[in-house]
Amino acid sequence: MDLSAINPVLLVASLMVAATPLLLAAIGELVVERAGVLNLGVEGMMIVGAISGFAIAVETGSPWLGFIGAAVGGAILSLLFVVLTQVALANQVASGLALTLFGLGLSALMGQSYVGIKPPAMGKLDLPVLSDLPVVGPILFSHDLVLYLGIALTAAVWWMLKHSRAGLILRAVGENHDAAHALGYKVIRIRVMAIMFGGACAGLGGAYISLIRVPQWTEGMTAGVGWIALALVVFASWKPWRALLGAYLFGGVTVVQLNLQAAGVAIPVEYLAMSPYIITILVLVILSADKSSAPASLGRTFHASH
Amino acid sequence: MSTPLLSIKGLTKAYPGVVANDNVSFDIGEGEVHALLGENGAGKSTLVKMIYGLVKPDSGSMSLRGAPYAPPEPRAARADGIAMVFQHFSLFDALNVAENIALGMENPPAMGDLAARIREVSETYGLPLDPFRTVGDLSAGERQRVEIIRCLLQDPKLLIMDEPTSVLTPQEVEILFQTLQKLRSEGTSILYISHKLEEIRTLCDHATILRLGKNVGECTPRETSARDMAEMMVGTALKTPERSGREFGEIALDISGLSVPSPSEFGTSLKNVHMTVRKGEVLGIGGVAGNGQDELLAVLSGEILTAADAVKKDGQPVGRLGPVARRRLGLLTAPEERLGHAAAPNMSLTENALLTGSVREGLESNGFLKWAETQAFAERIIKEFDVRTPGPENAARSLSGGNLQKFVIGREVLQNPDVLVVNQPTWGVDASAAAAIRQALLDLAAKGTAVVCISQDLDELMEISDTFAALNEGRLSAPRDTAGLTVDEIGLMMGGAHGMEVAHV
Numbered sequence: 000m001d002l003s004a005i006n007p008v009l010l011v012a013s014l015m016v017a018a019t020p021l022l023l024a025a026i027g028e029l030v031v032e033r034a035g036v037l038n039l040g041v042e043g044m045m046i047v048g049a050i051s052g053f054a055i056a057v058e059t060g061s062p063w064l065g066f067i068g069a070a071v072g073g074a075i076l077s078l079l080f081v082v083l084t085q086v087a088l089a090n091q092v093a094s095g096l097a098l099t100l101f102g103l104g105l106s107a108l109m110g111q112s113y114v115g116i117k118p119p120a121m122g123k124l125d126l127p128v129l130s131d132l133p134v135v136g137p138i139l140f141s142h143d144l145v146l147y148l149g150i151a152l153t154a155a156v157w158w159m160l161k162h163s164r165a166g167l168i169l170r171a172v173g174e175n176h177d178a179a180h181a182l183g184y185k186v187i188r189i190r191v192m193a194i195m196f197g198g199a200c201a202g203l204g205g206a207y208i209s210l211i212r213v214p215q216w217t218e219g220m221t222a223g224v225g226w227i228a229l230a231l232v233v234f235a236s237w238k239p240w241r242a243l244l245g246a247y248l249f250g251g252v253t254v255v256q257l258n259l260q261a262a263g264v265a266i267p268v269e270y271l272a273m274s275p276y277i278i279t280i281l282v283l284v285i286l287s288a289d290k291s292s293a294p295a296s297l298g299r300t301f302h303a304s305h
Numbered sequence: 000m001s002t003p004l005l006s007i008k009g010l011t012k013a014y015p016g017v018v019a020n021d022n023v024s025f026d027i028g029e030g031e032v033h034a035l036l037g038e039n040g041a042g043k044s045t046l047v048k049m050i051y052g053l054v055k056p057d058s059g060s061m062s063l064r065g066a067p068y069a070p071p072e073p074r075a076a077r078a079d080g081i082a083m084v085f086q087h088f089s090l091f092d093a094l095n096v097a098e099n100i101a102l103g104m105e106n107p108p109a110m111g112d113l114a115a116r117i118r119e120v121s122e123t124y125g126l127p128l129d130p131f132r133t134v135g136d137l138s139a140g141e142r143q144r145v146e147i148i149r150c151l152l153q154d155p156k157l158l159i160m161d162e163p164t165s166v167l168t169p170q171e172v173e174i175l176f177q178t179l180q181k182l183r184s185e186g187t188s189i190l191y192i193s194h195k196l197e198e199i200r201t202l203c204d205h206a207t208i209l210r211l212g213k214n215v216g217e218c219t220p221r222e223t224s225a226r227d228m229a230e231m232m233v234g235t236a237l238k239t240p241e242r243s244g245r246e247f248g249e250i251a252l253d254i255s256g257l258s259v260p261s262p263s264e265f266g267t268s269l270k271n272v273h274m275t276v277r278k279g280e281v282l283g284i285g286g287v288a289g290n291g292q293d294e295l296l297a298v299l300s301g302e303i304l305t306a307a308d309a310v311k312k313d314g315q316p317v318g319r320l321g322p323v324a325r326r327r328l329g330l331l332t333a334p335e336e337r338l339g340h341a342a343a344p345n346m347s348l349t350e351n352a353l354l355t356g357s358v359r360e361g362l363e364s365n366g367f368l369k370w371a372e373t374q375a376f377a378e379r380i381i382k383e384f385d386v387r388t389p390g391p392e393n394a395a396r397s398l399s400g401g402n403l404q405k406f407v408i409g410r411e412v413l414q415n416p417d418v419l420v421v422n423q424p425t426w427g428v429d430a431s432a433a434a435a436i437r438q439a440l441l442d443l444a445a446k447g448t449a450v451v452c453i454s455q456d457l458d459e460l461m462e463i464s465d466t467f468a469a470l471n472e473g474r475l476s477a478p479r480d481t482a483g484l485t486v487d488e489i490g491l492m493m494g495g496a497h498g499m500e501v502a503h504v
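The listed protein sequences derive, respectively, from chains A and B. Heads up: the first sequence at position 125 corresponds to 124 in numbering that gives the first Met the number 0, and the numbers run straight through without jumps. Heads up: the second sequence at position 367 corresponds to 366 in numbering that gives the first Met the number 0, and the numbers run straight through without jumps.
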């Protein structure tokens with residue numbers, strides 16, 4: 000056992016990378032759920048985003064176009080969920096599960112000719128002086144730009160929900176869709192936009208895995224991150240900063256336990272492997288002890304009866 | 000006569016299978032309080048939804064101050080100075096007062112300014128409100144204030160109020176009326192929807208009466224008796240329930256020192272409740288909804304278990320017995336919520352009859368169901384209580400609210416209970432069906448049953464009950480003889496006006 004092999008600076012830097020796909024997907028789903036829609040298809044949208052982003056980045060040679068393609072791909076897949084739940088008024092749970100299964104299958108089909116290829120590399124932030132600082136430099140100033148986008152998105156969503164009128168209307172629709180309708184707000188339109196935003200975020204999260212974290216394509220490579228994102232939204236009490244905290248915590252414990260495994264710590268691997276889930280759940284359960292509760296219309300189908 | 004504020008001509012709206020409004024016309028003058036009267040299902044709500052732009056009429060036209068008016072959506076109606084206070088409040092529980100109000104405005108100012116304006120308007124009209132409180136924590140009266148202030152902030156020309164007093168105590172009603180009268184004196188017109196006739200007689204200048212979607216007459220409420228208006232509303236002469244003078248027997252139901260925490264987060268705990276009901280007596284329990292009515296019913300039905308001798312029937316402790324055991328002993332209950340609590344929506348009337356009738360009517364033997372007897376029992380309920388349905392094989396959901404209510408009350412009444420507890424027996428039921436249900440309760444009492452009637456309709460309680468008590472925040476007031484009780488006294492028993500004051504201007 001050699002704990003000195005673990006470099007704390009690299010550890011923090013890599014936990015941020017590990018957390019970003021989860022954060023992106025969770026922020027998207029958070030907006031969707033705040034609008035009163037439960038989309039269990041996050042995993043499906045992530046994996047479709049992962050392959051669309053990968054394929055476009057490989058074909059065009061530009062990782063940026065890849066990320067844009069991933070967002071578009073996730074949003075297009077979420078349109079299927081829109082048609083099912085907002086137009087055909089199907090059950091949201093069943094539709095979300097179907098979306099995940101469909102996305103996994105579709106991505107496998109799309110990715111057949113991309114197995115074993117390396118995607119073009121994404122540039123990293125390189126600020127003179129700042130990026131070269133010891134400790135602070137590698138942790139704060141030398142990541143890829145999408146990682147910063149994730150943090151910026153969290154801040155933007157927080158500000159929008161808390162301080163903007165658009166956010167107030169979104170929360171109102173999620174709280175009581177009948178009342179929002181009676182006041183003349185377009186419930187379905189607002190929800191469709193929220194679902195597509197969620198799809199785009201999930202797509203970005205998926206592409207982050209296939210283009211930066213792992214960089215390669217394998218079938219089913221999101222490996223349940225979408226499901227963690229869903230749980231994270233609930234345990235974060237639908238609050239953006241808590242989702243960020245939860246994502247970093249989860250990413251952190253994941254990276255630490257991998258390092259511990261590599262260092263040969265005398266704890267059975269199974270316990271180490273389950274630790275990120277247990278610790279994240281514990282912390283967020285303690286945090287969510289305050290009285291904030293789910294959006295009241297979450298998962299309920301809206302039908303304008305009058 | 001000058002141009003009316005809003006003129007409605009020949010409005011018609013049909014839904015599949017029912018014409019909600021059939022060629023309805025009337026005018027609302029400037030600064031007039033206009034009542035829209037009608038039974039449930041008469042088309043009042045559809046009509047105001049058309050005025051507010053939520054529903055588009057099939058034909059007919061409206062004009063506002065002489066100009067054609069056809070709002071495509073509520074936003075347009077609000078822009079034209081039409082504001083509406085909804086019957087079922089259109090509020091968001093998790094948001095605060097200011098956020099709720101901002102959602103109902105076209106161009107709300109910044110939150111800080113809005114909060115200041117809310118304080119100012121609420122002071123002026125005697126409706127105190129803290130803009131930063133969460134709406135979910137407010138009482139029904141306070142929630143209504145939020146809606147009213149939301150409307151007032153937009154300087155409406157026409158304020159539509161859909162059954163505003165159904166959730167208020169008498170004192171709160173009085174303060175609401177003072178606010179409305181002040182608005183009228185400032186030139187605001189009010190369209191006031193209600194089926195409470197005495198209120199309309201005090202407040203309104205003019206009334207339009209709807210029956211089955213048609214305008215069946217107009218009147219000046221001050222010069223028309225409540226009975227005449229009721230008969231225009233119903234279309235037939237009304238029977239007033241008759242009560243025969245009767246002697247009360249010994250104590251049938253005795254609750255003493257009962258305290259139970261509420262099972263739900265937003266419920267009200269019962270605190271030290273005492274009451275006794277004698278055989279042949281009707282005890283009316285009034286109070287604004289959410290003051291422990293549901294919990295009291297659950298305690299009596301056996302859904303919430305208590306200390307054994309907190310609830311006694313004929314001297315026998317039943318507090319630890321579940322609903323089936325209590326039914327066997329003759330303690331029957333009919334809860335408020337028809338679909339989901341009193342009846343299973345997707346099951347047929349026969350099956351629903353079995354659900355509460357199996358014990359006392361002997362509808363099962365050795366675990367097998369006796370369908371023939373059950374169906375006969377269901378048919379007996381349908382016949383004796385005039386339930387309008389093609390037959391007992393229909394799902395409970397398919398019945399209208401009033402018909403299903405007659406069925407669930409009839410189901411308990413026909414089981415010859417010793418003690419019958421009903422919660423809101425005539426809620427959402429039209430006047431003639433309500434009269435029939437009240438008569439059935441009185442007849443039952445005349446046969447020696449002890450009846451407990453929990454209701455928010457004070458007129459109903461005054462009509463049928465011998466003694467009256469009020470629930471307020473889970474406490475039950477001392478029972479009083481109904482004879483000689485005044486509205487003021489009842490209001491005080493119900494807890495008076497919750498923090499309301501009279502308009503300052």
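Cβ atoms here follow ideal geometry from the backbone N, Cα and C, with glycine treated the same way.
- Query: Would you say the region 10-18 of chain A touches the region 185-197 of chain A, given that touching needs at least three Cβ pairs under 8 Å?
  - Reply: Below 8 Å, too few C-beta pairs join the region 10-18 of chain A and the region 185-197 of chain A to call them touching: fewer than three.
- Message: Which runs of the alpha helix (DSSP H) at least 4 residues long sit entirely within the region 235-293 of chain A? Give them in chain order.
- Response: The qualifying runs are 239-262 and 268-286.
- Applying a beta-carbon distance threshold of less than 7 Å, which residues of chain A neighbour A93 of chain B? Per Cβ cutoff of 7 Å: E174 and A295.
- Closer than 7 Å at the beta carbon, the chain A residues around S89 of chain B: Those within 7 Å of S89 of chain B in chain A are A178, A181 and L182.
- Query: In chain order, what residues of the same chain lie with their CB nearer than 6 Å to the CB of A17 of chain A, ignoring the 5 residues before and after it?
  - Reply: Cβ contact annotation for A17 of chain A (same chain, cutoff 6 Å, sequence separation greater than five): G250, T253 and V254, in chain order.
- Query: When you compare only the Cα positions, how much space is there between P391 of chain B and E472 of chain B?
  - Reply: Approximately 40 Å, taken between the alpha carbons.
- Item | First and last residue of the uninterrupted beta strand (DSSP E) at P137 of chain A | Unbroken run through P137 of chain A is the alpha helix (DSSP H), V135 to L139; no beta strand (DSSP E).
- Item | the region 108-117 of chain B in contact with the region 156-170 of chain B per 3-pair CB rule at 8 Å | Contact fails: fewer than three Cβ-Cβ distances are below 8 Å.
- Message: Going by the DSSP bridge assignment, what does H33 of chain B pair with across the sheet?
- Response: Its beta-bridge partners are B:L190 and B:H205.
- Kindly indicate which residue of B:S62, B:S89, B:N95 and B:V96 has the alpha-carbon position closest to the one of G80 of chain B. Of B:S62, B:S89, B:N95 and B:V96, the residue nearest in Cα terms is B:S62.
- Task: Output the distance between the C-alpha atoms of A265 of chain A and L259 of chain A, rounded to the nearest integer angstrom.
- Result: So the alpha carbons of these two residues sit roughly 9 Å apart.
- Find out if the Cβ-Cβ distance for the pair E105 of chain B, R144 of chain B is shorter than 9 Å. Contact: no.
- Item | C-beta atoms of A206 of chain A and G52 of chain A nearer than 9 Å | Yes. Within cutoff.
- Message: Contact criterion: CB-CB distance below 9 Å. Does E336 of chain B meet it with respect to chain A?
- Response: Among the CB atoms of chain A, none fall inside 9 Å of the CB of E336 of chain B.
- Message: Quick check on the burial criterion: 16 or more other C-beta atoms within 10 angstroms. Buried or exposed for Q374 of chain B?
- Response: Buried, by the Cβ-count rule.
- Query: Is L21 of chain A near A228 of chain A, with beta carbons less than 9 Å apart?
  - Reply: Taking 9 Å as the Cβ cut-off, L21 of chain A and A228 of chain A qualify as a contacting pair.
- Between N393 of chain B and K8 of chain B, what straight-line distance do the alpha-carbon atoms span, to the nearest angstrom? Using only the alpha carbons, I get a separation of about 39 Å.
- Item | Reduced DSSP secondary structure (H/G/I, E/B, other) of G43 of chain A | Here G43 of chain A carries a helix assignment [DSSP, helix/strand/coil].
- Under 8 Å between beta-carbons, which chain A residues line up against E72 of chain B? List them in chain order, please. In chain order: G183.
- Any idea what DSSP makes of F367 of chain B, helix, strand or coil? When DSSP states are grouped into helix, strand and coil, F367 of chain B belongs to the strand group.
- Message: If contacts are defined as beta-carbon pairs under 8 Å, then P56 of chain B and G183 of chain A qualify, I think. What distance do you get, rounded to the angstrom?
- Response: Their Cβ separation, rounded to whole angstroms, is 17 Å, which puts P56 of chain B and G183 of chain A out of contact at 8 Å.
- Residues that S509 of chain B bridges to, as DSSP identifies them: This structure does not reach residue 509 of chain B, given that chain B is present from 0 up to 504, and the question cannot be answered.
- Query: Going along chain A, which residues have a C-beta under 7 Å from F131 of chain B?
  - Reply: Taking the beta carbon of F131 of chain B as reference, no residue of chain A falls within 7 Å; the closest one sits roughly 14 Å away.
- For K278 of chain B, the first and last residue of its enclosing alpha helix (DSSP H): First-last for K278 of chain B: undefined, no H or E at that position.
- Item | Among B:F91, B:P155, B:L190 and B:K213, the one whose alpha carbon lies nearest that of S296 of chain A | In terms of CA proximity to S296 of chain A, B:F91 leads the group B:F91, B:P155, B:L190 and B:K213.
- Message: So the candidates are B:R337, B:L35, B:T207 and B:A371; which of them puts its Cα closest to the Cα of S397 of chain B?
- Response: Proximity to S397 of chain B across B:R337, B:L35, B:T207 and B:A371 peaks at B:R337, based on C-alpha coordinates.
- Task: Give the residues of chain A in contact with E98 of chain B, contact being defined as C-beta atoms less than 7 Å apart.
- Result: Residues of chain A passing the Cβ test: L167.
- What number of angstroms, rounded off, separates the C-alpha of D417 of chain B from the C-alpha of E198 of chain B? Going from the Cα of D417 of chain B to the Cα of E198 of chain B covers about 37 Å.
- Query: Cα-Cα, which of B:T481, B:K181 and B:L491 is closest to G30 of chain B?
  - Reply: It is B:K181 whose Cα lies nearest to the Cα of G30 of chain B.
- Message: Could you compute how far the alpha carbon of V213 of chain A sits from the alpha carbon of G339 of chain B?
- Response: Each residue's Cα considered, the two are about 52 Å apart.
- Message: Quick check on DSSP: helix, strand or coil for G332 of chain B?
- Response: Note that residue 332 of chain B is Thr in the sequence shown, not Gly. Note: T332 of chain B maps to strand in three-state DSSP.
- Message: Just to confirm my understanding: we take L14 of chain A, look at its own chain, exclude 5 residues before and 5 after, and list those with CB closer than 8 Å. What are they?
- Response: Here the set comprises Y247, G250, G251, T253, V254 and V255.
- Measure from the C-beta of S209 of chain A to each C-beta in chain B and report whether the shortest distance is under 9 Å. No, S209 of chain A does not count as interfacial toward chain B.
- Where R33 of chain A meets chain B, residues with beta-carbon distance less than 8 Å: The premise fails here: R33 of chain A is roughly 11 Å from chain B at the closest Cβ pair, so nothing lies under 8 Å.
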